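Here is the structure we will look at.
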Amino acid sequence: MVVSVAGEPLLAFLLASVRIASWLVIVPPFSTRAVPTMVKVVLALALALASAPMLSGADLPLTAAGLVMTTATQVAIGLSLGFVTMLLLSAIAAAGSLVDLFGGFALAQGFDPLGQNMNTVFGTFHQWLATMLLFATGGHLLVLGGLLRTFELLPLDGAFDLTGVPAVVSRAFSVFFVVAVQVALPLVAVMFVTDLGLALMTKVAPQLNALSVMFPAKIGMTLILVGLSFPALPGVVRRVTELSMDAMARIAGAG
């Protein structure tokens, strides 16, 4: 049996998979080594197949130069969408890094074989905790749905307007810092008060070994406060998920 496939639908499918694969390469947790390359390729093809109804009607070039330009455009679109998504989804991990900095864990860095870099204790912990909450709350489906929606807002044959990208990236950076500080601020404030109290205690009782008291106290306070912050994290994950969808829509030209 011979199966024939029309050229233009197949070309649209492949170009859509290029945009999606470029997005998957940069967005956690899909970008980590925990997800094999073959899985990323299969996922990109599957999502491109799911977006097939939105790909019809695209006027695609059939020349070699036109195909190269269109492919490069899809890569640029995918990387732009992926960067703002990665930035927003990394806000909770950044909050964990702030916890490490002010809680005294910043020096206890270890090599992360998945990220291929040096990570701190709570930075890595918050990163995987955010990933778990993203999948547990169904946020990954919303983010992937926002990615597929870009094929409606910015078709394969549409012109990619780069003038609006800096504004979206700038807003994503501001949201990234705001969310990270909001998550870590209560702990940072308490740790500042703890350090101040220990400093005053050292002045009142100079014979007391401050270092022998300071490190256990800060470690204990950090663990307690991190545990108390857990109930607020699902709401933060939902917020950054919605902001990621909005940022992708803005880059695609929705607003």
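Okay, so the sequence shown: first residue is 1102 according to the working numbering, each after it adds one.
Positions of the beta carbon are idealized from the N, C-alpha and C atoms, including for glycine.
Every value quoted in this text rests on a predicted model; they were computed, and no experiment measured them.
Phe1277 in three-state terms, based on DSSP: In the displayed model, Phe1277 falls within a helix according to three-state DSSP.
Secondary structure of Phe1114, DSSP reduced to three states: Residue state, collapsed to three classes: helix.
Gly1239 in three-state terms, based on DSSP: Look at Gly1239 here: in three-state DSSP terms it is coil, with no helix or strand label.
Residues near Gly1247 by beta carbon distance below 6 Å, same chain, minus five either side: Met1346 and Met1349.
Beta carbon of Arg1120 nearer than 7 Å to that of Gly1167: The answer is no: Cβ separation not under 7 Å.
Member of Ala1145, Phe1131, Val1140 and Val1136 whose CA lies at the smallest distance from the CA of Ala1122: With distances taken between Cα atoms, Ala1122 lies closest to Ala1145.
With 16 other Cβ atoms within 10 Å as the buried cut-off, status of Met1240: In the sequence as presented, Met is not what sits at residue 1240; that position holds Gly. Gly1240 comes out buried.
Spatial distance of Ile1127 from Ala1290 (CA atoms): Those two C-alpha atoms are separated by around 33 Å.
Assigned secondary structure, Asp1376 (DSSP; H/G/I helix, E/B strand, else coil): The requested residue 1376 does not occur in the structure, where the chain is confined to residues 1102 to 1356.
Start and end residues, alpha helix (DSSP H) containing Met1139: Counting along the chain, the alpha helix (DSSP H) containing Met1139 begins and ends at Thr1138 to Ala1151.
Contact between the stretch 1259-1267 and the stretch 1322-1339 (3+ Cβ pairs under 8 Å): At 8 Å Cβ cutoff, the stretches do not touch.
Rounded straight-line distance, which links the Cα of Ile1320 to that of Gly1354: Straight-line Cα distance between these residues: approximately 47 Å.
CA-to-CA distance, Leu1297 to Arg1194, given in whole angstroms: Note that residue 1194 is Ala in the sequence shown here, rather than Arg. In a straight line, the C-alpha of Ala1194 is about 27 Å away from that of Leu1297.
Start and end residues, alpha helix (DSSP H) containing Met1170: Segment Ala1165 to Leu1190, the alpha helix (DSSP H) holding Met1170.
Val1222 versus Leu1112 - alpha carbon distance: As the crow flies, the alpha-carbon of Val1222 is around 45 Å from that of Leu1112.
Helix, strand or coil at Ala1135 [DSSP, three-state]: Residue state, collapsed to three classes: coil.
Endpoints, the alpha helix (DSSP H) within which Val1337 is located: Start and end: Leu1334 to Ile1352.
CA nearest to the CA of Thr1186, picked from Phe1274, Leu1299 and Val1279: Selection Phe1274, Leu1299 and Val1279 evaluated against Thr1186 yields Phe1274 as nearest (Cα-Cα).
Ala1048 burial status per 10 Å Cβ neighbour count (16 or more: buried): The chain is shown only over 1102 to 1356; residue 1048 falls outside these bounds and no answer can be derived.
Check whether Leu1163 and Lys1141 have beta carbons under 7 Å apart: Not closer than 7 Å, so no.
Assigned secondary structure, Gly1205 (DSSP; H/G/I helix, E/B strand, else coil): Residue state, collapsed to three classes: coil.
Within-7 Å CB hit, Leu1249 to chain B: The question asks about chain B, but that chain is absent: this structure has only one protein chain.
Span separating the alpha-carbon of Gln1283 from that of Gly1205: A direct Cα-to-Cα measurement between Gln1283 and Gly1205 gives close to 19 Å.
Beta-carbon proximity check, Phe1252 vs Met1170, cutoff 7 Å: In this structure, Phe1252 lies away from Met1170, with their beta-carbon atoms at least 7 Å apart.
Cα-Cα separation, Leu1329 to Pro1287: Taking the CA atoms as reference points, Leu1329 sits about 10 Å from Pro1287.
Alpha carbon of Ser1191 to alpha carbon of Val1305, nearest angstrom: Note on geometry: alpha-carbon atoms of Ser1191 and Val1305 lie some 43 Å from one another.
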